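For the sequence shown, the residue numbers in the UniProt record's numbering are 1 to 117. Where is the CB? At the ideal position from N, CA and C, for every residue including glycine. Remember, predicted model here, so these are calculated numbers, not experimental data. Below: one structure, written as structure tokens.
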Amino acid sequence: MERVLGVGGYFMRAADPASLGAWYRDCLGLDADENGLWRPEAGLTVFATFESETDYFGSRAQQTMLNFRVRDLDAMLAQLRAKGAAVAEETQDMEGVGRFGWVTDPEGNRIELWQPS
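See the structure below:
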């Protein structure tokens, strides 16, 4: 059986693609080139399905949620707050998995930030 090798891309609709791309670059440090090519550090990727009625993604209209691995969750959340981003007050610790926090991008997409254990 053929198998996928990894995530090859994540594509988003945006009312203002250039502005949203700049937000990901300036607030999260996602340094994609002019073609969107980004070379993330090697690490784990989680693929999980959720019940259709979940509130975990924020708005029920949001069908998927992007999760980024971060080195220091507290530093990333402070950086986002300093840039005026909509950062959730709560964080979550999962024993053996890591710490989680959330931010909502300017187009209303909830993003999860994960500091692995």
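field: Three-way DSSP call (helix, strand, coil) for Leu30 in this model
entry: Residue state, collapsed to three classes: coil.
query: Tell me the DSSP bridge mates of Trp102?
result: Per DSSP, Glu112.
query: By how many angstroms is the C-alpha of Val4 removed from the C-alpha of Ala32?
result: Pairing Ala32 with Val4, the inter-Cα distance amounts to about 22 Å.
query: Expressed to the nearest angstrom, what Euclidean distance is found between the alpha-carbon atoms of residue 119 and Met1?
result: Lying outside 1 to 117, the shown extent of the chain, residue 119 is not represented and no answer is given.
Other residues of its chain near Leu108: CB distance less than 7 Å, five sequence neighbours each side excluded: Residue 108 is actually Gly in this sequence, not Leu. Closer than 7 Å at Cβ, skipping near neighbours: Ser59.
Expected contact under 8 Å - CB spacing of Val97 and Ser117 to nearest Å: Right, their Cβ atoms sit about 6 Å apart.
field: Exposed unless 16 or more other CB atoms sit within 10 angstroms - verdict on Gly36
entry: By the Cβ neighbour-count rule, Gly36 is exposed, with fewer than 16 other Cβ atoms within 10 Å of its own.
- request: Using alpha carbons as the reference points, say which of Trp114, Val46, Trp102 lies closest to Arg71.
  value: If we check each option's Cα against that of Arg71, Trp114 comes out closest.
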